[in-house]
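Going by the working numbering, the residue at position 76 of the sequence shown is 100; the numbering climbs one at a time, nothing skipped.
Working notes, beginning with the structure itself.
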Amino acid sequence: MSDIIKKIEDAQAKETTPEFRVGDTVRVHNLIKEGNRERIQVFEGICIKKQGTGARATFTVRKTSNGIGVEKTWPIHSPFVAKVEVIRFGKVRRAKLFYLRQRSGKSAKVKEIIRKK
Numbered sequence: 025m026s027d028i029i030k031k032i033e034d035a036q037a038k039e040t041t042p043e044f045r046v047g048d049t050v051r052v053h054n055l056i057k058e059g060n061r062e063r064i065q066v067f068e069g070i071c072i073k074k075q076g077t078g079a080r081a082t083f084t085v086r087k088t089s090n091g092i093g094v095e096k097t098w099p100i101h102s103p104f105v106a107k108v109e110v111i112r113f114g115k116v117r118r119a120k121l122f123y124l125r126q127r128s129g130k131s132a133k134v135k136e137i138i139r140k141k
């Protein structure tokens, strides 16, 4: 990768990134601009995927809303991600939890582990 691209990506990266893993239940505070107004919208669900490195890193959160699965993907260093709170820590043995897409009800849950925040 060229040095120019690296410098641009480093300038856009946040100083501190949120600490969470795949399988954790997270609450993402998303900044939404509507015209000249700004507001925070909260999206809470299970982190099913983290990928990429540096300024290009992204994470995907899945939740069930009215019986329909909804997934959203955000760049970790996006200025529209105000903050990411970890609600529960999940115990998983995979890096990507795509199998949750075919499950519903209790089988779509991830075991919780007790870990310090």
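Every residue, glycine too, gets a C-beta built ideally from N, C-alpha and C.
| Check | Outcome |
| --- | --- |
| Cβ neighbours of Leu-55 in the same chain (closer than 7 Å, five flanking residues each side left out) | Glu-62, Ile-64, Phe-104 and Ala-106 |
| Own chain, CB closer than 6 Å to Pro-42, minus 5 neighbours either side, in chain order | Val-108 |
| Straight-line gap, Lys-30 to Val-116 (C-alpha atoms, nearest Å) | 33 Å |
| For Ala-106, three-class secondary structure by DSSP | strand |
| Ordered list of beta strand (DSSP E) runs contained in the stretch 46-113, each at least 3 residues | 49-58, 61-75, 82-89 and 92-99 |
| Nonlocal neighbours in the same chain, by C-beta distance under 6 Å from Gly-76, ignoring five residues either side | Thr-82 |
| The alpha helix (DSSP H) enclosing Ile-29, as first and last residue numbers | 27-36 |
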